[in-house]
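Some notes on the structure that comes next.
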Ligand SMILES: Cc1ncc(Cn2c(C)c(CCOP(=O)(O)OP(=O)(O)O)sc2=O)c(N)n1
Ligand SMILES: [Ca+2]
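Residue numbers (UniProt numbering): 1 to 525.
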């Protein structure tokens, strides 16, 4: 007899889902027992860190990990970072434990009431099968839904007395089935977009995270070069869709209506690919686009194309659309536009400017390093100083929810052992996921964590100014000793105040193969 547990591990094996991130409770033990040797279980000490690690792993590998969480409180603890997972379209499959099926109605200890509702709306799909006989198929459905564009996290809650029951005579059909996603931009849509771009005098590209997520960066470069078009990254980027070292790269668009409209005003055709139009953040009302500009939007997400307030949209696979447009548009010959330069910040006594930190990291990290960033007030400094040349070089909290960065860096490094991961984390953000350091030490995952310690919630000080909000309570973060905290979790660490010491520490960290934390004293202006 094949049990449901055995059939489910067969399903996971069939889909390559042999990495499990988790934090267990009593309800999960009959699923985790006799853990198969070809699977690896990565323990996180808080479910928020578990989810963020899994999210980073899913984005960096393109492979769905399984997340095994305890019922109710365990699943609830993971939800703080779930908005990022949803916005990142990250295909994480969560298996939440549940009390014995016949006792849930009595609301017994560690039962999850309304288990399927709990993770909504922070899930692409969530269910608790109505009977043990539907567990295998429900998990297969969760895997397929998570991986069909637009990808996203799914949840299945399973009572623990289901695992030992028989899987039934049709289990092999469920385990063996394959599901293929849509693969092509319609020919007539290709012709329409090509005609618009060829007719434009000054086209511009705005690229989003789905370009990087679908490994279409090289085709984005081909299209930009063929059009001789400047390239902007869509606001609030969670991934890097275009090489920052490329002469056509212009930077990241500001997250407000007027700022974007001004920067795009000299372009009569704006092609947005793989990003929502647009993920504004700061309210600065105005005309969405200057007169004479037309926006064309290509997205793989029906909700993105439906909710955009302006522009003509096409639903299509991002990689196919870019590849075929790059071969279809007329080639142009024009020199790249000048990129606006910004003066480098000056260090102060015992405190560095963020520019110094990011320039040092960019100079000393391997040329294919991966950056996981959660340092909210220093984004412009990061994108101005850090060279990123390859697909999969940058990850950040897609919904701006703190607690992603530090643990996600651990998941990304697990997914990409050949490339070195650097986590650039604000001293405020670090506290939302600090427990991820323990997992890095426990499994010797060699992330270089750089904490930018400016002793404040810098982004909120800046937002306060923007909103003319005076008399705010303090946002200072004095006296947090990240060296002591890191050592407490088993990670070697040092504190640096000058560029010379920072460069020494980075050189040593990159030469080693152990996790290291560097507390870099910076200032916020
Ligand atoms: C889970 C969560 N809680 C609170 C916030 C609000 N928040 C907070 C608390 C920020 C301060 C981040 O401080 P930091 O030290 O990490 O970085 P900077 O000093 O560079 O801003 S930025 C921001 O949006 C959030 N985004 N996510
Ligand atoms: Ca800070």
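Quick reminder that beta carbons are idealized off the backbone N, C-alpha and C, glycines included. Note that the coordinates shown come from a computational prediction; the quantities given were computed from them, not determined experimentally.
From the DSSP output, in three-state form, read off residue 527 for me.
-> Given that the chain is displayed from residue 1 to residue 525, the structure contains no residue 527 and the question cannot be resolved.
Could you give the residue range of the beta strand (DSSP E) that holds residue 521?
-> 516-521
Taking the runs of the beta strand (DSSP E) that are 3 residues or longer, which of them lie wholly in the stretch 46-126?
-> 66-69, 93-98
Segments assigned alpha helix (DSSP H), at least 4 residues, entirely inside the stretch 423-482 | 427-433, 436-442, 458-466
Looking at the structure shown, is residue 296 part of a helix, part of a strand, or coil, going by DSSP?
-> strand
Name, in chain order, the residues that DSSP records as bridge partners for residue 394.
-> 371
Coarse secondary structure for residue 144, derived from DSSP in three states | helix
Which residues bound the beta strand (DSSP E) around residue 312?
-> 312-315
Contact test: residue 457 Cβ vs ligand 1 heavy atom, cutoff 7 Å = yes
Using the C-alpha atoms, what's the distance from residue 424 back to residue 110?
-> 37 Å
Output yes or no for whether 8 Å exceeds the beta carbon distance between residue 246 and residue 351.
-> no
Beta carbon of residue 429: closer than 7 Å to some heavy atom of ligand 1?
-> yes
Relative to the C-alpha of residue 56, which residue among 333, 103, 348, 19 is closest?
-> 19
Pull up the distance between the alpha-carbon of residue 127 and that of residue 418, whole angstroms please.
-> 37 Å
What do you get for residue 471, buried or exposed, if any count of 16 or more other CB atoms within 10 angstroms of its CB means buried?
-> exposed
Where residue 177 falls: helix, strand or coil (DSSP) | coil
Could you tell me whether the stretch 312-319 touches the stretch 279-288, using the rule of 3 or more Cβ pairs below 8 Å?
-> no
Can you name the start and end residues of the beta strand (DSSP E) that residue 492 belongs to?
-> 492-496
Rounded separation between residue 208 and residue 377 - CA only = 21 Å
Under 7 Å Cβ to Cβ from residue 447, same chain only, skipping five residues before and after it: list those, please.
-> 409, 410, 413, 421, 423, 440, 515
For residue 403, is the beta carbon positioned less than 7 Å from some heavy atom of ligand 2?
-> no
At a cut of 8 Å, does the stretch 203-217 reach the stretch 264-274 through at least three beta carbon pairs?
-> yes
Does the beta-carbon distance from residue 78 to residue 51 come in below 8 Å?
-> yes
Identity of the residues DSSP links to residue 203 by a beta bridge = 269
Contact check, residue 380 vs residue 429 under 8 Å by CB: the rounded distance?
-> The pair is not a contact, with the Cβ atoms about 17 Å apart (cut-off 8 Å).
Exposed or buried, what is residue 41 when buried is set at 16 or more other beta-carbons lying within 10 Å of its beta-carbon?
-> exposed
From the DSSP output, which residues share a beta bridge with residue 254?
-> None, per the DSSP bridge assignment.
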